[in-house]
Every structure is written in C-alpha cells, then in structure tokens.
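In the UniProt record's numbering, the protein residues as written are 1 to 839. Ideal Cβ placement from N, Cα and C applies to all residues, glycine included. Here is the structure we will look at, set down as structure tokens.
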C-alpha cells in the first residue's frame, strides 16, 4: 500500500523485531501517550532557560508560549515541539543529512547516497559558521530546548517509533534546523528531471517539442505582476519563451537515464516519508482580498498549501509571545518561529513560485585522468568527497556496517549522473551558502507594515515563494521572494556544456526587481503555482508553470461575490470544480459529435452522456470525473508515444503513478493536451488512427480497461472516490504487526491536483488551511489534516481530521483574553535558581 514505507527484510528480521518488543515489554497493539508533559499548574525546571516561561495548551493541544525574551521563547518552542514531534524531527534531519539507512537499513541506502551527493550537511555547516552571532544564538537556543526534552526521555518516554526501531535520537544541533530547510528546498525546487525530459524529447522529435513549448492555456491566466503586452524591457514580449539554447547532439544514454530513475525514486521515497513531494506536482493556493471587497472592511487572507499526505503532517501549529511581538501560525517541526501566519499587525501566506533554480552542466572529464575536468582556464581537478554511510544490518538490531560513497564536485556542483564519459553536474541555489536564512523569519514575526515585511523577506533564501500580505491598515501586497539565477545565455531547460562559460550564472535577480505589487487596483491577489508574471516581466523565471485552472477558479469565485467573507474563503478552499477537466470534456464532446462511428460504440455513448450531464465537480460519487481523468491519461500516453517513442526507462516523476504517466508528463500537461484536441494536428495522430474521433474511442477503451483493473468490472464502481482513495501513510504503518497503531482508514477521494481541493490522485493533499481575518485576529481560522501530536496514542494524533474533511478549521485564538478562555492546560518552564537572565 505504501511504496515508501518501512518494511522488514524477511522472516528473520520480523522474528528479531518481535523478540525485541518482548524484551522491551512493549504492547504493539495498544497505544499509550508516553511523551508526558507537565500537568496543569506544574512547574518544570529546565537548565538553559534564564527566566520563567508560561505554556498553555488548548483543546487541540496547540501550545501558546509566553516568554520574557526571544531566546527563552525559542528554547521553549524547541522543548514543546520535541514533546509532540521528536521522531518526525529526527526523520527530517536524517533525510537531509543522508542518515536514514542507519535506522531503516539498506532499503534507504539510495536515499542516503542521493543526499550525501547533494552535500546538504556540508552546506549547512558552512552556512552556520558564517552566520552572525545573533542568528547562531537563535538556533542554539532552539536546539537547547529540543535537547532539554530529550534529556528527560528515558527509554519508555522516547517516541514509539524510536522504541520499535531500537535507537535513541542524537542531540539536536543548530545545523539540523538548516538541514530541514534544505529538505524543503529539495521538495519545492527540484527541476533537473524536467531538464532531462526536455532534452530527451527535443532530441527525439525537435519539431513536436518546439510546438509544445509554444502552447498557451485555453483557460485565461491570472496575472499578478505586469501584463502579456510587449514592453521595451522585453521586446520579444515573452521572456518565458526566449530561446532555450541548443540541445546537445550527444544522446542521453539509457544507463544515464536509468541512473536518473534511481535517484528520482529515492527522492520520492525520502520526501513522501516526511510529508513532502517532488516540485513538479506543486498544488498550493493563496489569495488576499482588500477591505473594500470584504464584509469586514479589512483584508482577508487565505492559504492552503498542498503537500504529500502523511501521519503526522508536516505542519505544527503554535502561538509565540514576547514583549516585542506575538505571532501565531504554523512551522515545520525542527524550525523555530512561524513560517505562515500572522502577528498583531500583518498576515502572510505562501505558495511555491516554481522558478528554475537548477541547471545540469555536462562536464568534460579527462580520458586518462578521471578526476580532471575541462574549464575555460584549462584542466582542473574535481573535489573528491568520500562519504561513509552507516547501514543497519537488521531492523531493531544495533549492528551496522559502513558503505563508502564517493562524490565528485566540479565548479558547478556535485556530479549527479554519469555514464560512459558523460557526467552531469548540478548547479543549484540550495547548495549556495546563505547565512541570512533565519534572519528572514526573525524579522517577519516583528514586521508591522509593508516596508518591514519587504525588508524581512529580502533575506529569504529558501525555495522561491509567492508571499502574499495583508495588514491592519487595510493594505495588501504580493512578493515573489527567493534566489533566482540570471543566466549568461539560454534558460537552463537542457543540460548545457560545462567546459565553457557560455551558460554560467551571472548573479541573481535583484530583490527590488523580483515580481511584486502593493495595493493593486483590482483589490485582489491570487496565486496557485500558476504564471503570476505577464510577458512584460523582463526576467526569465521558468517554462513550466502549473496550469491556471485553480487560480482562475479562485479568481472567478471571489469576483462573483459582492463582498467576500471568511466563510466565503472557506467555501472556496473546499471547491472541487475542475476547470481543466471541464475544458477537456467539452473538446471531447465536440469531436465525438462529428465522429460518424461514435454512435456504434454503446460504451462510448454511455460515457459521453455522463460527460454531457457533468458540472465538473470532482465528487466522490462522480463516474464522469474518474472517466474524464483516466481518458485524459490514456490519450496523453498515446500521443507521447506516437511523437517521442516509448520512455527509455520506467522513470516517472511520481513512482506511485507509474501506470498513469511517464516522466515526460511535466512537459505535456493539461494545456498541451487540450491544445492538441482543439487544433487536431494531423501529424500528431498515431499511425494506427486516422481521426481524432477514432483516437478518443481507442483511448476510452484503454481507460475502461484501466478502471476495470483498479476498481473491478462493474462500471457502477468506477467512481472518483474509489479511484485511489486518500491515505495518511506513516513510515511504519505497513510493517507487519507493529504497524497497526500508525494506520488510519482511507478516505474517499475528493478534488484533485489541478483543483482547489487537492487529493492524492496526483499525490498532494491540503496540508493546512488558514484564513486570516485582519479585522479581528481572534476570528482567524487554521487547521491541520490530522493533529498536533506525532504519537498515535495521543488524543491529538487525529483530532482535527473531521474538521479537515468538512473544511471547517477551528478558530485559532490569538489575544491573551481569547487564549485564556481556550486554555485546557497551563504550566511553567523555569530556569534553575542560579540562572542569570539574558540581556
């Protein structure tokens, strides 16, 4: 069920684990909330604090922390987060460091090899060394809080997963927080597989690939910055379509592509295990509406990031207060502060901007001296980094062996792929040392206005985000913040020669020239991973935006309301109408109406009747939804194979979709598919078909076969809710006997990746919902899919699931008065009597 789940290597491993359970006195069939926190009115003394800290928990287990200084605040945040999510924190840092095989065994070795190749640990250590003293102290205080909790944990108070796997987490290091940031960057900015897909397609059929690159969506774009009219700064009128450069005449070998397949599968397993995804299937939404368009007279801001469903989820809700500020929102376990949320003055939200920040350079190595590679200045010796990876021999056993992994690093970055003299090195902004990363969020929680907000995100160094903004003065704004490279030539769409400087990065787009807008005339800003800049924007960002389906649907729903309320925003977050699928079905019906042979196919006529009656809602009961998506998948496979041949490997951007889409789907998506149907070019027809009507009927037969295979022979069962039910997998859930406590029942599918509600037909789910009511912070709402705790024995393991299913997140108290009314538990963390208050 869970391809990335922890599994036991045979009967011997299972017997060993069961024996260890008996020795440890564990009952694997029952739950016990062993991460005990102080009882109400308790006081706990913690070395490392300098003054008392008050902690309140509400009915959902959310901590509200009040401290007299920021270092004590983040110390307490580290302590509280570890009490709820220690194993998840350890899993996240192990993912980034490449240390998973130490607890999971050889099945995680490729994941470790990949992350050792990236070299995240080395980048984070160099980054921390270059941080100023204030930023280092901030991370050190958080780490000290985590370790204060860990110091209290005897074996029985360790997370259940640690006890089952028989290991104790190492003390938290400040660089571990930075490692988690790199895992997010990997999830949200990995585009090198698309570069390989583009090169393979362009080499196979240059004409067809060029045609795809010129396709525009039939659904109107929702532009935030600029327009699609040419400007003097962009004479061509479209920097996104500027020449990509020539694709190499040296074909990508099958072995090299097989190596890419191996890395992608490892990346998928690693990211999915911690509730993240691969970048190319991003599907998040945010919007902000000015007060003149709302029922409150003040802005309303909404955000619902879509990420890989997991148990526990990737977000952790928290409220933090010191004399200088109070802030509430979500962060990732292991990262101090708040990543998305609001303070007393402003609110902000994020979606992925998706610029291309990775390039593959084809390095030329010496034929007889394999560590020398060519540069414009002559031959240079590559750095050689030998990584020693500990690998557990059996699950639950202490014995480990070590595996060496050699990494070559050129001036562009680590060599990621190689075969028969071809070596591709990865240039990536995430591998640069950026010592201001924590400064962004430390400033953001203090920001009181647009100027201070911009000053804060000017230091942002993570995966580039669409930041939206609202403040109590009634202002709204947008900023696409992050580190986006400028290239000397080309777009980075294909692997480029590394022995010259022709394709080097010449710096970054200056912060002031990144896309942004303040108080737009429309009084409305919407982003959904779609193209947010018009063709007038002078810089190249990417060629592969998400289709505008979600953004357009949100924009249309918002503008249809005379005045927008918080309740309206929640209804929009729950919308499941698929504009792209409706457009696809419309074209199918038009073609079928002109197909003289369509009437002779009774099964086809039944499907067409369902399509004619369908309103585009992806409800669990809808047969039309399942048939439409499976028909589109079958049609896409035939068109891709006809133009570009069979994929050279089984490489897929999502291994869970291996039967649905090959690795080129990121380039041939919804807009390209509907463009082909709308224009019906004869040279795109497969050889065995004469018309598009015939092609659709053949695709329909394939779709029915696929649905019958997955859902049974009875078409009445071919409903959207049964087509890939939604699950919240835990890494141990599929393990025999020990996995039961971590299992959650599957849910009927509802919505989809190109729709406002995303569910795992494409791997994402709504990972958090947030609606900020700037007129009354205490009326703002925020909720998670499951709950605050990572322990299945806790009452807060999945206590938010029902409100998540109904899209009714609870009010998130903010003011001291509201927090006092919501309090269910209150205790104090205090320093030893000899502690000295920090200045």
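At which residues does the beta strand (DSSP E) containing residue i begin and terminate?
i	result
residue 868	Within the shown structure, residues of the chain are numbered from 1 to 839, placing residue 868 beyond reach of any answer.
residue 782	781-783
residue 507	505-508
residue 320	316-322
residue 304	300-304
residue 390	383-392
residue 518	516-518
residue 295	No beta strand (DSSP E) holds residue 295; DSSP gives it neither H nor E.
residue 268	Run containing residue 268: none in the beta strand (DSSP E); it sits in the alpha helix (DSSP H), 254-273.
residue 525	524-527
On a Cα-Cα basis, can you pick out the residue from the options that is closest to residue i?
i	options	result
residue 442	712, 156, 335, 738	335
residue 869	316, 187, 260, 247	Since the first residue shown for the chain is 1 and the last is 839, residue 869 is missing from the structure and cannot be characterised.
residue 672	461, 543, 363, 802	543
residue 433	119, 742, 82, 171	119
residue 330	258, 114, 348	348
residue 392	183, 604, 167, 446	167
residue 301	828, 772, 803, 388	772
residue 96	87, 82, 84, 111	111
residue 768	788, 622, 488, 522	788
residue 220	828, 549, 56	549
residue 195	143, 425, 478	425
residue 193	177, 489, 358, 269	358
residue 524	480, 794, 469	469
residue 422	253, 180, 226, 289	253
residue 774	482, 200, 814, 184	814
residue 82	171, 128, 610, 209	171
residue 545	511, 460, 217	217
residue 510	317, 458, 462, 537	458
residue 274	246, 286, 311, 569	311
Exposed or buried, which one is residue i when buried takes at least 16 other CB atoms within 10 Å?
i	result
residue 519	exposed
residue 776	exposed
residue 498	buried
residue 341	buried
residue 324	exposed
residue 843	Any property of residue 843 remains undetermined from this structure, which presents the chain solely from 1 to 839.
residue 155	exposed
residue 589	exposed
residue 737	exposed
residue 367	exposed
residue 398	exposed
residue 824	exposed
residue 713	exposed
residue 430	buried
residue 613	exposed
residue 833	exposed
residue 829	buried
In the DSSP assignment, what are the bridge partners of residue i?
i	result
residue 350	467
residue 375	378
residue 802	In the DSSP output, where bridge partners are listed per residue, residue 802 has none listed.
residue 341	329, 348
residue 45	830
residue 361	425, 496
residue 617	577
residue 843	Nothing can be reported for residue 843, as the shown portion of the chain is limited to 1 through 839.
residue 65	55, 320
residue 842	No statement about residue 842 is possible, as the shown extent of the chain runs from 1 to 839 and does not include it.
residue 825	57
For the alpha helix (DSSP H) containing residue i, list its first residue and its last residue.
i	result
residue 572	566-573
residue 612	602-613
residue 287	It is not in any alpha helix (DSSP H) - residue 287 instead sits in the beta strand (DSSP E) that spans 285-289.
residue 94	70-97
residue 163	160-165
residue 698	692-711
residue 192	192-204
residue 671	670-679
residue 840	Residue 840 is absent from the structure shown; the chain starts at 1 and stops at 839.
residue 646	Taken as a continuous stretch (DSSP letters only), residue 646 belongs to no alpha helix (DSSP H), as it is neither H nor E.
What are the start and end residues of each continuous alpha helix (DSSP H) run of 4 or more residues lying completely inside the region 419-498, in chain order?
If we require 4 residues or more, the alpha helix (DSSP H) runs fully inside the region 419-498 come out as 437-444, 450-457.
Where are the alpha helix (DSSP H) runs, 4 residues long or more, that stay fully inside the region 116-155, in chain order?
120-130, 133-152
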